[in-house]
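Notes follow once the structure below has been shown.
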Amino acid sequence: MNNSFLLDGEDVPFTPGQTVMQAAAAAGKYIPHLCWHPDFTAHGSCKLCTVKIGGRFATACTTRAAAGQEVDNRTEELTAKRRTLLQLLFVEGNHFCPSCEKSGNCVLQATAYEMGMLSPHFDHFYPDRAVDASHPDVLLDFNRCIMCELCVRASREVDGKDVFALSGRGAKSHLIVNSESGRLADTDFAVTDRAAEVCPVGVILKKRVGFTVPIGQRDYDEKPISEKAVGKVADGVKETG
Amino acid sequence: MSQRGKMAVKSMHDSLRIPGSQEDSVAAAKIATILDRHGRDGTRLVQILREVQDVEGWLSPATLSAIAEGIGWPRAQVESTANFYSFFHTRPLGEYRVLFSDNITDRMLGNQDLMRSLCHKLWLEPGQASEDGLVSVDTTSCTGMCDQGPALLANYRTITRLTPERIDEMAHLIRRRVPVGDWPSDWFHVEDNIRRRDVLLDHGLAPGEALAAALDRGPAGLLGQIERSALRGRGGAGFGSDIKWRSCRDAWGDAHYVICNADEGEPGTFKDRVLLSSYFDMVVDGMCIAGFAIGASKGFIYLRGEYRYLLDRLETRLAQRREAGLLGRNILGRGFTFDIEIHLGAGAYICGEESALIESLEGKPGKPRIRPPFPVTHGYLGQPTTVNNVETLALAALIAVKGGEWFRAIGTPASTGTKLLSVSGDVERPGIYEFPFGVTVAEVLAAAGANDTQAVTTAGAAGSCLAADEFGRHIAFEDVPTGGSIMVFDRSRDMFEVARNFAHFFAHESCGFCTPCRVGTAVNARLLDKLANDHGSPYDLDEMEKMHRLMQGASHCGLGNTATIALRDMLAKFRPAFDRRLHSPDYEPGFDLDAALSQARRMTGRDDPGAHLTDNLSAQAGEHPSEAQP
């Protein structure tokens, strides 16, 4: 049997057990995503990787690739949906790109450019979220959290620490840390943790290095995320098999 | 909260937690007893949190740390579970916690006036503890008493048929610190209100009779009868029960589990409450039969937190059945072993979704899992698990006795058997109606005594809303599917307010896992509030349509996929109710300039005309700028 499927009409090979997202990434094809990362268990929560498989919506990161599947990815309809999802994420938190030190390295911002998002469109929620500067090496700015739980998974699966968790329900969902005081300084978090590296937005920020690389010379200043992410991810997938 | 209020609450904290104090060690000992009773097993966290909160009044940061240490879980995960469920509080909310059921049917019966009145009498704001730390009053999602509302929960005990007199007396009782258990007993009375009985509600079987019949048939014979009956799940989705049971039976696992989904949370449904109250033996027989069919020896009843008042009664009945050889080891002396444990929920609609329910059973926040794999292969503790609705299990018991052919003759070919309908709203006789599938909406309305009906929601807040020209349609999976919630609205009702109530319900109950549902439900609630506040435009109505198209399809589970169906129906069929709210036919600013100044007015203690920006007043202020100076 031929182990390949069609992504926007192009043949993509896969190995049995791979998801549509894994196979696409390995083949250098970009499917927009925020909560997916090749090194961690798929989460399926951001819904940016929603594709159409055989006419039905499904998340590419949780759907197993199957021979002969016809997958729509970069279509007008899906781009419009992804743009709306991004706008929802932008108004739910407090995202002020011009004053954010992650600008240019931010996956949310880069994906929004990629999807042609020109405005937040909806009324802002302006949630009241505190920052936590207690840790000597890392600042937490919860204003930018998009609930992707990459830090939760990295801390649990790689660092073996469970420093982070998502708490609350619905629109009151928020990131918490593993201490009675609620302060990062009172956890066993270290700047060398994998969880310190994975935040796609500007929540987990290393102190004293914010502007080492000037704005204008950052990851997504050079190339759009569709080109940048694919190279990175394809390497990662190959390395991790 | 005022300074005095903070002091009062702080002194309450201090009395609970002075390190090394006698109170502290007593509290620690009580927590240890509860932890030990649950074997310090983290999968029992929802039960542990409830029992500890009962003792301590609330779940303080130190309490959560003690529990985390006791079960050996990361503290953040314990906090995550505690903050997910509406009935757990991680801040003190008083010795008395009063929660008004806020379904649209409660609103139609005047719950908002009653709540305002109680807050006024107790000198407090909804959602905040009173300054002396005695009491808090708030709303909660539908408590399943729609046929005898308005209803509330007082320290999680159900009180029905509220009246202004009852509210007056309640305020007195709270102020005099009378324990809820000593309040007038008739307040806690819950009626069955069975209005029409058919084959299930008139079953005439003795406890265990159905179970004995199932054991006689053997697992294969029993599954054959279930298949022949064409029984479909009564929770609403209508999945074939025989397929579910067979897939579960065939799945490999260390153990198999049966779960009775008694998390009856759909607004306007209360039929499972009646089955649990008055037909519990049929439900338990059904669970044992399911266990026999799939090869399980353990079952759970996931009882919604709102039905806490049933817990002791049901536990007692399970104990009686064990005594009588109808549950536990060697049932009916036939070598079949099956036991049941009741797990109480804690206020989360999403736990009606089967994989969210299982997460909750394992002590976690009730967030739906990625599917596949489905619970029939990877369910509770990763083992094959069948999750069935209360009514489905009771019907399985009936089929075990009467046979599949008999059952199949009732209803329609695609929807066999009868359906329990919970009818509430504008009808003379609200209550439970058992009808064969295929009955028309009009026939149900006539039986319940509905007059001048404008609209009927046929699957609670999460399904279709029918207008009068559709009342000839049939209740059946192939036409108008329903989990059993039928809410009736006569022509005096404002369908806009129905839509707004539903939108706020979903915003409150979305689990928050996926982007479209977490943010989309909040956007819809805000859009409807904007219309209610006279700032709406036709553009906002289009936005709701757009949100419907996004959420249906992109959402992670059934909650997000169905949350906008009723809203879309109402927008299409009752447009004038929305158009009436539009201030302007083309454009209207999304916010109120004058309201934006309210904070500045509060800070300066001003409310004179010069401090306002409304058209007339701003003109006035412009003429007399000196008056605008403090």
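Chains as they are written, first to last, in this note's numbering: chain U, 2 to 242; chain P, 659 to 1288.
Just so you know, even glycine gets a beta-carbon here, dropped at the ideal spot from N, CA and C.
In this text the structure is predicted, and so the values were computed from the model without any measurement.
Relative to the alpha-carbon of residue i, which residue among the options has its alpha-carbon at the smallest distance?
{"i": "Asp699 (chain P)", "options": "P:Leu1019, P:Ala954 and P:Arg886", "result": "P:Leu1019"}
{"i": "Lys688 (chain P)", "options": "P:Arg702, P:Pro719 and P:Ala724", "result": "P:Ala724"}
{"i": "Arg1184 (chain P)", "options": "P:Thr1173, P:Gly1170, P:His1206 and P:Arg1158", "result": "P:Arg1158"}
{"i": "Gly882 (chain P)", "options": "P:Arg980, P:Val713, P:Leu869 and P:Ile901", "result": "P:Ile901"}
{"i": "Tyr221 (chain U)", "options": "U:Val108, U:Asp163, U:Ser46 and U:Thr63", "result": "U:Val108"}
{"i": "Trp37 (chain U)", "options": "U:Met148, U:Lys207, U:Pro225 and U:Ile205", "result": "U:Met148"}
{"i": "His1001 (chain P)", "options": "P:Leu972, P:Arg992 and P:Ile1028", "result": "P:Leu972"}
{"i": "Phe1232 (chain P)", "options": "P:Val1177, P:Glu999, P:Arg1151 and P:Arg819", "result": "P:Arg1151"}
{"i": "Lys53 (chain U)", "options": "U:Ser182, U:Pro128, U:Leu7 and U:Ala197", "result": "U:Leu7"}
{"i": "Pro225 (chain U)", "options": "U:Pro33, U:Ala24 and U:Pro14", "result": "U:Pro33"}
{"i": "Leu792 (chain P)", "options": "P:Pro750, P:Gly807, P:Asp764 and P:Ser775", "result": "P:Pro750"}
Would you list the residues sitting across from residue i in a DSSP beta bridge?
{"i": "Ser5 (chain U)", "result": "U:Pro14"}
{"i": "Leu1240 (chain P)", "result": "P:Gly1194"}
{"i": "Cys1123 (chain P)", "result": "P:Thr1115"}
{"i": "Glu999 (chain P)", "result": "P:Phe958"}
{"i": "Gly986 (chain P)", "result": "P:Phe996"}
{"i": "Ile1090 (chain P)", "result": "P:Ile852 and P:Ser1080"}
{"i": "Lys207 (chain U)", "result": "U:Val139"}
{"i": "Gly1069 (chain P)", "result": "P:Thr1074"}
{"i": "Tyr1007 (chain P)", "result": "According to DSSP, Tyr1007 (chain P) bridges with nothing at all."}
Using 7 Å as the limit for Cβ to Cβ distance, is residue i near chain U?
{"i": "Ala1269 (chain P)", "result": "no"}
{"i": "Leu1225 (chain P)", "result": "no"}
{"i": "Gln711 (chain P)", "result": "no"}
{"i": "Leu1002 (chain P)", "result": "no"}
{"i": "Pro1031 (chain P)", "result": "no"}
{"i": "Gln1210 (chain P)", "result": "no"}
{"i": "Pro1174 (chain P)", "result": "yes"}
{"i": "Val1034 (chain P)", "result": "no"}
{"i": "Ile1133 (chain P)", "result": "no"}
{"i": "Ile1028 (chain P)", "result": "yes"}
{"i": "Glu1011 (chain P)", "result": "no"}
{"i": "Ala734 (chain P)", "result": "yes"}
Mind checking if residue i is an interface residue toward chain P, Cβ cutoff 7 Å exclusive?
{"i": "Ile32 (chain U)", "result": "no"}
{"i": "Ile54 (chain U)", "result": "no"}
{"i": "Ala67 (chain U)", "result": "no"}
{"i": "Leu86 (chain U)", "result": "yes"}
{"i": "Ile226 (chain U)", "result": "no"}
{"i": "Thr63 (chain U)", "result": "yes"}
{"i": "Thr80 (chain U)", "result": "no"}
{"i": "Gly237 (chain U)", "result": "Because Gly237 (chain U) carries a pLDDT of 47, less than 50, the predicted location of this residue cannot be relied on, and no value is offered for it."}
{"i": "Asn95 (chain U)", "result": "no"}
{"i": "Gly170 (chain U)", "result": "Per the sequence shown, the amino acid found at residue 170 (chain U) is Arg instead of Gly. Closer than 7 Å to some Cβ of chain P, the Cβ of Arg170 (chain U) qualifies, so yes."}
{"i": "Cys47 (chain U)", "result": "yes"}
{"i": "Thr241 (chain U)", "result": "Because the pLDDT at Thr241 (chain U) is just 40, under 50, the model does not fix this residue reliably, and the value given afterwards should be weighed accordingly. Chain P, which has no Cβ nearer than 7 Å to the Cβ of Thr241 (chain U), makes this no."}
{"i": "Phe91 (chain U)", "result": "no"}
{"i": "Asn3 (chain U)", "result": "no"}
Confirm, please, whether the CB-CB distance from residue j to residue i is below 7 Å.
{"i": "Gly117 (chain U)", "j": "Arg219 (chain U)", "result": "no"}
{"i": "Val199 (chain U)", "j": "Ala172 (chain U)", "result": "no"}
{"i": "Leu1271 (chain P)", "j": "Leu1251 (chain P)", "result": "yes"}
{"i": "Arg1087 (chain P)", "j": "Arg835 (chain P)", "result": "no"}
{"i": "Thr701 (chain P)", "j": "Gly1021 (chain P)", "result": "yes"}
{"i": "Cys804 (chain P)", "j": "Ser1082 (chain P)", "result": "yes"}
{"i": "Leu772 (chain P)", "j": "Thr798 (chain P)", "result": "no"}
{"i": "Arg1066 (chain P)", "j": "Thr1076 (chain P)", "result": "no"}
{"i": "Val1146 (chain P)", "j": "Asp1084 (chain P)", "result": "yes"}
{"i": "Gly1005 (chain P)", "j": "Phe745 (chain P)", "result": "yes"}
{"i": "Met1202 (chain P)", "j": "Asn1182 (chain P)", "result": "yes"}
{"i": "Glu964 (chain P)", "j": "Gly1216 (chain P)", "result": "no"}
{"i": "Lys162 (chain U)", "j": "Asp189 (chain U)", "result": "yes"}
{"i": "Tyr960 (chain P)", "j": "Asn988 (chain P)", "result": "no"}
Over the uninterrupted beta strand (DSSP E) stretch that includes residue i, give me the two end residues.
{"i": "Ser759 (chain P)", "result": "Tyr754 to Ser759"}
{"i": "Cys946 (chain P)", "result": "Here Cys946 (chain P) belongs to no beta strand (DSSP E); instead the alpha helix (DSSP H) covers Phe938 to Ile952."}
{"i": "Thr51 (chain U)", "result": "Thr51 to Ile54"}
{"i": "Ala812 (chain P)", "result": "Leu810 to Ala812"}
If you measure from the CB of residue i, is any heavy atom of the ligand SAH nearer than 6 Å?
{"i": "Pro842 (chain P)", "result": "Looking at this structure, you won't find the ligand SAH or any other ligand, since it has none at all."}
What are the boundary residues of the alpha helix (DSSP H) that includes residue i?
{"i": "Leu776 (chain P)", "result": "Asn769 to Leu780"}
{"i": "Cys152 (chain U)", "result": "Leu151 to Arg154"}
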